[in-house]
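Single-structure report; data block below.
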Amino acid sequence: MDLHFGDSKPTDEERVAVDALLGPPESAWEGADDRTDADLRWARGGREARERRDLLLPGLHAVNDRVGWISEGALDYLCRRLTVPPAEAYGVATFYSMFSVRPRPATVLHVCTDLACAGAGAAEICAGVEARLGVGSGVSVERSPCLGLCERAPAALVVRAGAGAPAAGSSPTPPLPGSIDMRLRRGGAPPQTPPGALPPDPRSSNAGGAEFSAPEPEIPARPAFEDEPEGRSGAWGRGPRRGPGAEPLVTGRGGVGESTRTTAIAAPATIDSAVAAAKNPETALAEPPAAMAVPQAGQDGLVLLRRIGRVDPASLDDYRAHGGYTALRRAFAIGPAGVIREVTDAGLVGRGGAAFPTGRKWQATASQPEHPHYLVCNADESEPGTFKDRVIMEGDPYALIESMTIAGYAVGTHKGYLYLRGEYPRALHRLTHAIEQARAHGLLGDDVLGQGYAFDIEIRRGAGAYICGEETALFNSIEGYRGEPRSKPPFPVEKGLFGKPTAANNVETLVNVLPILTMGAQAYAAIGTEKSTGPKLFCVSGSVDRPGIYELPFGATLGDLLDLAGKPGNLRAVLLGGAAGGFVRPDELDIPLTFEGTREAGTTLGSGVVLALDDTVPLPRILLRIAEFFRDESCGQCVPCRVGTVRQEEALHRIAESTGAAAASDIALLREVGRAMRDASICGLGQTAWNAVESAIDRLGAYE
Numbered sequence: 005m006d007l008h009f010g011d012s013k014p015t016d017e018e019r020v021a022v023d024a025l026l027g028p029p030e031s032a033w034e035g036a037d038d039r040t041d042a043d044l045r046w047a048r049g050g051r052e053a054r055e056r057r058d059l060l061l062p063g064l065h066a067v068n069d070r071v072g073w074i075s076e077g078a079l080d081y082l083c084r085r086l087t088v089p090p091a092e093a094y095g096v097a098t099f100y101s102m103f104s105v106r107p108r109p110a111t112v113l114h115v116c117t118d119l120a121c122a123g124a125g126a127a128e129i130c131a132g133v134e135a136r137l138g139v140g141s142g143v144s145v146e147r148s149p150c151l152g153l154c155e156r157a158p159a160a161l162v163v164r165a166g167a168g169a170p171a172a173g174s175s176p177t178p179p180l181p182g183s184i185d186m187r188l189r190r191g192g193a194p195p196q197t198p199p200g201a202l203p204p205d206p207r208s209s210n211a212g213g214a215e216f217s218a219p220e221p222e223i224p225a226r227p228a229f230e231d232e233p234e235g236r237s238g239a240w241g242r243g244p245r246r247g248p249g250a251e252p253l254v255t256g257r258g259g260v261g262e263s264t265r266t267t268a269i270a271a272p273a274t275i276d277s278a279v280a281a282a283k284n285p286e287t288a289l290a291e292p293p294a295a296m297a298v299p300q301a302g303q304d305g306l307v308l309l310r311r312i313g314r315v316d317p318a319s320l321d322d323y324r325a326h327g328g329y330t331a332l333r334r335a336f337a338i339g340p341a342g343v344i345r346e347v348t349d350a351g352l353v354g355r356g357g358a359a360f361p362t363g364r365k366w367q368a369t370a371s372q373p374e375h376p377h378y379l380v381c382n383a384d385e386s387e388p389g390t391f392k393d394r395v396i397m398e399g400d401p402y403a404l405i406e407s408m409t410i411a412g413y414a415v416g417t418h419k420g421y422l423y424l425r426g427e428y429p430r431a432l433h434r435l436t437h438a439i440e441q442a443r444a445h446g447l448l449g450d451d452v453l454g455q456g457y458a459f460d461i462e463i464r465r466g467a468g469a470y471i472c473g474e475e476t477a478l479f480n481s482i483e484g485y486r487g488e489p490r491s492k493p494p495f496p497v498e499k500g501l502f503g504k505p506t507a508a509n510n511v512e513t514l515v516n517v518l519p520i521l522t523m524g525a526q527a528y529a530a531i532g533t534e535k536s537t538g539p540k541l542f543c544v545s546g547s548v549d550r551p552g553i554y555e556l557p558f559g560a561t562l563g564d565l566l567d568l569a570g571k572p573g574n575l576r577a578v579l580l581g582g583a584a585g586g587f588v589r590p591d592e593l594d595i596p597l598t599f600e601g602t603r604e605a606g607t608t609l610g611s612g613v614v615l616a617l618d619d620t621v622p623l624p625r626i627l628l629r630i631a632e633f634f635r636d637e638s639c640g641q642c643v644p645c646r647v648g649t650v651r652q653e654e655a656l657h658r659i660a661e662s663t664g665a666a667a668a669s670d671i672a673l674l675r676e677v678g679r680a681m682r683d684a685s686i687c688g689l690g691q692t693a694w695n696a697v698e699s700a701i702d703r704l705g706a707y708e
């Protein structure tokens, strides 16, 4: 390992930010000012150093949140602390759009210019904000990809660095010992529970029936992990260790201690509201309740969204009063094998777009002989037009915590990672609070619900990289590397996070497990169609009267959904599946919203994005924005994607300025480049980067 540390020194603020995460340095090798006799006799490295690599991204967050950018001195100091080559750390820091390695103002205003916001006047807002603020305002205005606020387009996010007012969603979190992972790190294991070995709760009944409703005993509040061993001083000691790193289990800021950033949302944004939020994020208007993004909120018959708008998302008691943790009790009653059997019989498939059978994935992970196993919740929804996971995390956070606990139990893991979009401050706040409350009430920790099962969850914050929605890129990001996809095989169920068997699911997939266990697999499978079972969430935005998240059973038509949302009379096209999806015409609204139905229609359901465009939206500009998005978000690892996305954008620029034979030549080039990306790219980004453009040309007659 060639470290090549430089001579740059961190500022006091930068040192404080890193030390708040890692604790003070123990030796000069780690960056301490004074060299001791012990430093002359030994140097830490090898396995111990490698196991701290996964703290690189949280460390970068800590510096960026406190200072606003990452200087050479800060990067060098962080690398000394983690024994990471500075060249590699620089590659990681420059990979993520929310970090900067160049000086910039402490306040950054991210204005979304993606599909829904572009159609709502985002370009005019950017120009107006820049003109209003001017040079030297202390605010950096950045055009941003989708912020996941499409139902309130146009949207803007303000992030102010520094030790000022607490950031929304980043209240101080005390350090927590990691008794579960400490056993893993020392070569031992948490209490092993063979499938089906846990006895059912004696208070439960009808364990295998179609409905499960057991009374809940009072669970006394107790401090989680009372057996904390002594560690070194500082927020993080070397005593308790978690997973391959030593980050506290909840890392809203990428570290512990006082919050060092302030965030504010302006949505729907105007020039005035965006400027006001940028100048004074502490006094910006509060966000509306999560239920405002659910036009169906409070209606009977909902399954996944039934609690949103009815339950206080901050109240564990309210969640339990509305059926919370009933599913987990049934999971303990039927055992891990029983949970997997129910999920398999229910026909649940992944809701992120790939539609892989969830039960098969869990069974493959659980059957791996190598331990430990890991569970990863992919909450990095970055597909333009997608915001369903955000609404669930903001409006029903305990549902995700319970779902992850059930999934962890089923696949035989004692540690779950929740990889959360860096652009979701309120979701971070809600999830952090939910995890803390679950620990305090025995619903996470060494002995979940008194059943002898140990499980805990650690939040890891993303930093603005669409590619990290690909599961293996996400693993690399958690491990402290650039978020570049890995070649498959081996598949994650064999070698995933930290090279161990891993089950990765997104938020919507996981929360579907709750009704499967409470209703029973047969009742759940009766919803939807034979091949696409259960309810589905759709993100409707664009030219509709009532944008938001809608829950419908699989099999409803696209027209049914648009009628609920208020379809415009001058509808021109609908984009299904987001930027990686495809366009359909207004005369194709009878397409059934199922995986098999959209496939037969020559399009894709994707993650459930439905973007309606009326005839006032310039289609060529939307297509060019899609091409720009893929150009910017390509990780650059493979040539077909790295070069193809650039060539696609260049060709669209030329087509917009030409006609006749010249345009036809570039359209032919687009088809050739698109085939190369689809056939030869490593991951789904390059394989789908041509989809929307192709469908616009073939189905809508774009550029004719």
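Numbering-wise (our numbering), the sequence shown opens with residue 5 and increments by one.
For glycine and all other residues, C-beta sits at the position ideal for the given N, C-alpha and C.
Model, not experiment: these values are computed from the prediction.
Short of 8 angstroms in beta carbon distance, which residues of its chain neighbour LEU628, apart from the five on each side in sequence? Order them along the chain.
For the purposes of this step, residue 628 is taken as residue 624 along the sequence shown, with counting starting at 1. Sequence-distant Cβ neighbours of LEU628 in its own chain, meaning closer than 8 angstroms and more than five residues away, are GLU653, LEU656, HIS657, ALA660.
Between the segment 296 to 313 and the segment 511 to 519, are three or more C-beta pairs nearer than 8 angstroms?
Enough Cβ pairs lie closer than 8 angstroms, so yes.
Tell me whether PRO401 sits in a helix, a strand or coil according to DSSP, three-state version.
Counting from one through the sequence shown, the residue named residue 401 turns up at place 397. Assigned with DSSP and collapsed to three states, PRO401 falls in helix.
Identify which residue in ALA301, LYS499, ASP400 has its Cα closest to the Cα of GLN372.
Here residue 372 refers to the residue found at position 368 of the sequence shown. Shortest Cα-Cα distance from GLN372 to any of ALA301, LYS499, ASP400 involves LYS499.
Give me, in chain order, the residues of the same chain whose beta-carbon lies closer than 6 angstroms to that of ALA442; leave out the 5 immediate sequence neighbours on both sides.
Residue 442 sits at position 438 when you count from the first residue of the sequence shown. By the criterion of a C-beta distance shorter than 6 angstroms, ALA442 is surrounded in its chain by ILE405, LEU448, once the five residues flanking it on both sides are discounted.
In the structure shown, what three-state DSSP assignment does LEU113 receive?
Along the sequence shown, one-based indexing puts residue 113 at 109. LEU113: strand per DSSP, three-state reduction.
Taking C-beta to C-beta, are ALA21 and VAL88 nearer than 8 angstroms?
Residue numbering aside, residue 21 sits at position 17 when the sequence shown is read from its first letter. Residue numbering aside, residue 88 sits at position 84 when the sequence shown is read from its first letter. Not closer than 8 angstroms, so no.
Assuming CYS381 and LEU422 make a contact with CB atoms under 8 angstroms, what is their CB distance in whole Å?
Along the sequence shown, read from residue 1 onward, the residue named residue 381 stands at position 377. Along the sequence shown, read from residue 1 onward, the residue named residue 422 stands at position 418. So it is a contact: roughly 5 angstroms between Cβ atoms.
Using the three-state DSSP reduction, which class does ASP564 fall into: helix, strand or coil?
Mapped onto the sequence shown, residue 564 falls at position 560. Helix, per DSSP.
Quickly, what does DSSP pair THR266 with across the bridge? List them, please.
For the purposes of this step, residue 266 is taken as residue 262 along the sequence shown, with counting starting at 1. The partner list for THR266 (beta bridge, DSSP) reads ARG164.
Contact check, PHE9 vs ALA467, beta carbons under 8 angstroms:
Counting from 1 along the sequence shown, the entry for residue 9 is found at position 5. Counting from 1 along the sequence shown, the entry for residue 467 is found at position 463. Not closer than 8 angstroms, so no.
Using CA coordinates, which residue listed in GLY705, ILE396, TYR413 is at the minimum distance from LEU332?
In the sequence shown, the residue the question calls residue 332 occupies position 328. Among GLY705, ILE396, TYR413, the Cα nearest to that of LEU332 is on TYR413.
Run through DSSP, which three-state label would PHE99 get?
Counting from one through the sequence shown, the residue named residue 99 turns up at place 95. Three-state DSSP puts PHE99 in coil, outside helix and strand.
Return the CA-CA distance between GLY363 and ARG345, expressed in angstroms with no decimal places.
Taking the first residue of the sequence shown as 1, we reach residue 363 at position 359. Taking the first residue of the sequence shown as 1, we reach residue 345 at position 341. Roughly 7 angstroms between the two C-alpha positions.
Since ALA507 is in the alpha helix (DSSP H), which residue starts that stretch and which ends it?
To locate residue 507, count along the sequence shown from 1; it is residue 503. Element bounds for ALA507: not the alpha helix (DSSP H) but the beta strand (DSSP E), 506 to 510.
Identify, in the order they occur along the chain, each residue of the same chain with its Cβ nearer than 7 angstroms to the Cβ of LYS13, setting aside the five sequence neighbours on each side.
Translated into positions along the sequence shown, residue 13 becomes position 9. Short of 7 angstroms from the beta carbon of LYS13, and not among the five residues preceding or following it, lie these beta carbons of its own chain, in chain order: GLY77.
Measuring straight from C-alpha to C-alpha, what distance separates PRO496 and VAL279?
For the purposes of this step, residue 496 is taken as the residue at position 492 of the sequence shown. For the purposes of this step, residue 279 is taken as the residue at position 275 of the sequence shown. Cα-Cα distance, rounded: 44 angstroms.
How big is the Cα-Cα spacing for VAL643 and MET681?
Residue 643 sits at position 639 when you count from the first residue of the sequence shown. Residue 681 sits at position 677 when you count from the first residue of the sequence shown. Distance between the alpha carbons of VAL643 and MET681: 9 angstroms.
Euclidean distance between Cα positions of CYS543 and PHE360
Translated into the one-based positions of the sequence shown, residue 543 becomes position 539. Translated into the one-based positions of the sequence shown, residue 360 becomes position 356. So the two alpha carbons sit approximately 21 angstroms from each other.
Beta bridge counterpart(s) of GLY546 as assigned by DSSP:
If you number the sequence shown from 1, residue 546 lands on position 542. Beta-bridge pairing links GLY546 to ALA616.
Spatial neighbours of ASN574 within its chain, please: CB distance less than 7 angstroms, with the 5 preceding and 5 following residues excluded, ordered by chain position.
As a working note, residue 574 is residue 570 in the sequence shown. So the qualifying residues of the chain are ASP618, ASP619.
I need the straight-line Cα distance from VAL133 to CYS645, nearest angstrom please.
Reading the sequence shown from its first residue, position 129 is the one you call residue 133. Reading the sequence shown from its first residue, position 641 is the one you call residue 645. Going by the C-alpha atoms only, they are around 34 angstroms apart.
Starting from THR537, follow its DSSP beta bridges and name the residues at the other end.
Here residue 537 is taken as the residue at index 533 of the sequence shown, counted from 1. THR537 is bridged to GLY532.
What separation, rounded to the nearest whole angstrom, lies between the Cα atoms of ARG84 and ALA318?
Here residue 84 refers to the residue found at position 80 of the sequence shown. Here residue 318 refers to the residue found at position 314 of the sequence shown. Taking the straight line from one Cα to the other gives about 39 angstroms.
I need the straight-line Cα distance from THR602 to TYR470, nearest angstrom please.
For this step, residue 602 is matched to residue 598 along the sequence shown. For this step, residue 470 is matched to residue 466 along the sequence shown. Distance between the alpha carbons of THR602 and TYR470 is about 24 angstroms.
For GLU676, count the other beta carbons within 10 Å of its own beta carbon; 16 or more makes it buried, fewer makes it exposed. Which is it?
In the sequence shown, the residue the question calls residue 676 occupies position 672. By the neighbour-count rule (16 or more Cβ atoms within 10 Å), GLU676 is not buried but exposed.
Going by beta carbon distance, what residues of the same chain come within less than 7 angstroms of GLU18, once the five residues before and after it are set aside?
To locate residue 18, count along the sequence shown from 1; it is residue 14. Around GLU18: VAL67, VAL71, SER75, GLY77, ALA78, TYR81.
Assumed close pair THR607, GLY585 - CB separation to whole angstroms, cut-off 8 angstroms:
Along the sequence shown, one-based indexing puts residue 607 at 603. Along the sequence shown, one-based indexing puts residue 585 at 581. Taking 8 angstroms as the upper bound for CB-CB distance, THR607 and GLY585 are in contact here, some 7 angstroms apart.
With a threshold of 16 other CB atoms inside 10 Å of the CB of VAL139, please say whether the residue is buried or exposed.
Within the sequence shown, the letter at position 135 stands for residue 139. It is exposed - the Cβ of VAL139 has fewer than 16 other Cβ atoms within 10 Å.
Suppose you measure from the CA of GLY356 to the CA of GLU462; what does that come to, to the nearest Å?
Here the question's residue 356 lines up with position 352 in the sequence shown. Here the question's residue 462 lines up with position 458 in the sequence shown. Going from the Cα of GLY356 to the Cα of GLU462 covers about 21 angstroms.
Option in PHE558, ASP670, PRO551 with minimal Cα separation from THR390:
As a working note, residue 390 is residue 386 in the sequence shown. If we check each option's Cα against that of THR390, PRO551 comes out closest.
When we look at the beta-carbon of GLU2 and count the other beta-carbons within 10 Å, is it buried (16 or more) or exposed?
Any answer about residue 2 is impossible in this case: the structure gives the chain only from 5 up to 708.
Would DSSP call SER481 helix, strand or coil?
Locating residue 481 in the sequence shown gives position 477, counting from the first residue. In the displayed model, SER481 falls within a helix according to three-state DSSP.
Does the beta-carbon of THR267 have 16 or more other beta-carbons within 10 angstroms, so that it is buried, or is it exposed?
Sequence index remark: in the sequence shown, residue 267 carries index 263 (1-based). With 16 or more other Cβ atoms within 10 Å, it is buried.
Applying the 10 Å Cβ sphere with the 16-neighbour rule, what's the burial state of SER611?
What you label residue 611 is simply residue 607 of the sequence shown in a count that begins at 1. The residue in question, SER611, is buried, as its Cβ has 16 or more Cβ neighbours within 10 Å.
Return helix, strand or coil for SER407, following the three-state DSSP convention.
Numbered from 1 along the sequence shown, position 403 holds the residue referred to as residue 407. Residue state, collapsed to three classes: helix.
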